[in-house]
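Notes follow once the structure below has been shown.
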Amino acid sequence: MRTLALDLGNSTLFAGVFEDGRLLRSVRIDVGRGRRTPPANATRAMAGIGIPALQQNLRRLARGKIDRIALCSVVPDRTDSLTAAVRDAFGVEPQILTAAAGHGLKIGYRQPQRLGTDRIATVLGARKLHPQQNVIVVDCGTATTITVADRAGRLHGGAILPGLGLWPAMLAQRTARLPAVTLRAPTTVVARDTAAAIRSGAIIGHAGAIRELVARSRTEVFGRQRVVVLGTGGMVTHLKGQRLFTAVEPGLILHGLDFFVRPV
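So this is what it looks like as structure tokens:
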């Protein structure tokens with residue numbers, strides 16, 4: 095059985111094809127460069143990409159018949175457009191992950207419907223790839239989210255902070271003289287030019303924030319129990335060498351969506 099997994103984020107659509115639980119290939123498609131609302135012709139376009147082009151990209155990824163489609167979205171205004179597009183492209187009704195969608199997790203949020211389904215999907219991915227483990231998932235995207243779940247399937251909650259890419263972008267936008275920079279790993283903490291100083295602050299500072307949040311979450315929820323700390327998301331590659339994670343799982347959210355729709 096072949097599954098198409100779709101994660102619709104604020105700026106990209108992350109898509110992957112599975113066969114019997116194995117991820118064959120994946121792709122990230124730009125769908126709007128962070129825009130929250132679609133243009134007026136939303137029936138023909140989904141922000142940055144037209145529907146025909148999107149369907150063509152997904153058919154190219156699929157390379158054949160799709161039996162199941164799993165979808166999660168953090169952009170409600172675009173969910174219906176994407177659902178209709180993939181239904182039309184593959185003749186399969188997408189199964190949409192929600193806080194109440196029968197995923198088997200016990201949600202500890204006071205208002206479960208307010209929990210981003212991308213965070214639910216990453217925890218499901220952790221349960222697929224690291225079963226029977228306490229986990230802390232660090233998802234580095236437009237925002238960085240830290241999500242805590244125990245081996246019994248209770249998702250306790252977590253933390254949200256601005257994503258790694260937002261740190262230097264906000265400095266460039268909100269200050270008179272600081273330049274926009276391209277992120278890359280700093281060679282030293284103590285930088286000797288402005289661009290390097292921004293990179294040092296962004297990457298090492300972001301790593302420090304993650305390290306502190308993970309450490310406090312571990313103590314608060316698990317005490318001395320063993321915990322698997324997983325890094326994922328489109329920006330996680332910038333944190334290589336920071337020694338933050340037990341493992342890096344780039345396709346974790348896609349594995350969670352595959353896990354969501356696979357028959358028990």
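Residue numbers are given in our numbering: position 165 of the sequence shown equals residue 259, and the series is strictly consecutive.
Virtual Cβ for every residue (Gly too), placed ideally from N, Cα, C.
Source: prediction; values computed, not measured.
Per DSSP, cross-strand counterpart(s) of residue i
{"i": "G110", "result": "A99 and S120"}
{"i": "L249", "result": "I201 and A243"}
{"i": "S167", "result": "L102"}
{"i": "T326", "result": "D233"}
{"i": "L255", "result": "T238"}
Own chain residues within Cβ distance below 8 angstroms of residue i, not counting five before or after
{"i": "T282", "result": "A290 and S294"}
{"i": "I64", "result": "This structure gives no information on residue 64, because the portion of the chain shown stretches from 95 to 358."}
{"i": "G247", "result": "G198, L199, K200 and R221"}
{"i": "A266", "result": "L272, P273, A274 and V275"}
{"i": "R320", "result": "Q227 and N228"}
Cα-Cα separation, residue i to residue j
{"i": "P146", "j": "R305", "result": "43 angstroms"}
{"i": "L277", "j": "I123", "result": "20 angstroms"}
{"i": "A359", "j": "A179", "result": "Since the displayed the chain opens at 95 and closes at 358, residue 359 lies outside it and no answer follows."}
{"i": "R271", "j": "W261", "result": "15 angstroms"}
{"i": "A183", "j": "V330", "result": "31 angstroms"}
{"i": "G210", "j": "P273", "result": "33 angstroms"}
{"i": "I254", "j": "H332", "result": "18 angstroms"}
{"i": "L360", "j": "F316", "result": "The structure shown does not extend to residue 360, since the chain is modelled only from 95 through 358, so no value can be given for it."}
{"i": "D287", "j": "P280", "result": "12 angstroms"}
{"i": "A243", "j": "G251", "result": "8 angstroms"}
{"i": "L363", "j": "C166", "result": "Outside the displayed range of the chain (95 to 358) lies residue 363, so it cannot be described from this structure."}
Given residue i as reference, the closest of the options once Cα atoms are compared
{"i": "T313", "options": "V229, D233 and G325", "result": "V229"}
{"i": "L324", "options": "V186, H300 and T239", "result": "T239"}
{"i": "G158", "options": "G144, A164 and Q150", "result": "Q150"}
{"i": "I201", "options": "R154, I214, R286 and A99", "result": "I214"}
{"i": "S311", "options": "I298, T216, V231 and L191", "result": "V231"}
{"i": "D233", "options": "P188, A303 and D212", "result": "D212"}
{"i": "P357", "options": "N104, D114 and A301", "result": "D114"}
{"i": "R204", "options": "R320, R245 and L249", "result": "L249"}
Cβ-based neighbour list, residue i, same chain, cut-off 7 angstroms, excluding 5 preceding and 5 following
{"i": "T91", "result": "Beyond the ends of the chain as shown, which are 95 and 358, falls residue 91; an answer cannot be given."}
Nonlocal neighbours in the same chain, by C-beta distance under 6 angstroms from residue i, ignoring five residues either side
{"i": "Q207", "result": "A193"}
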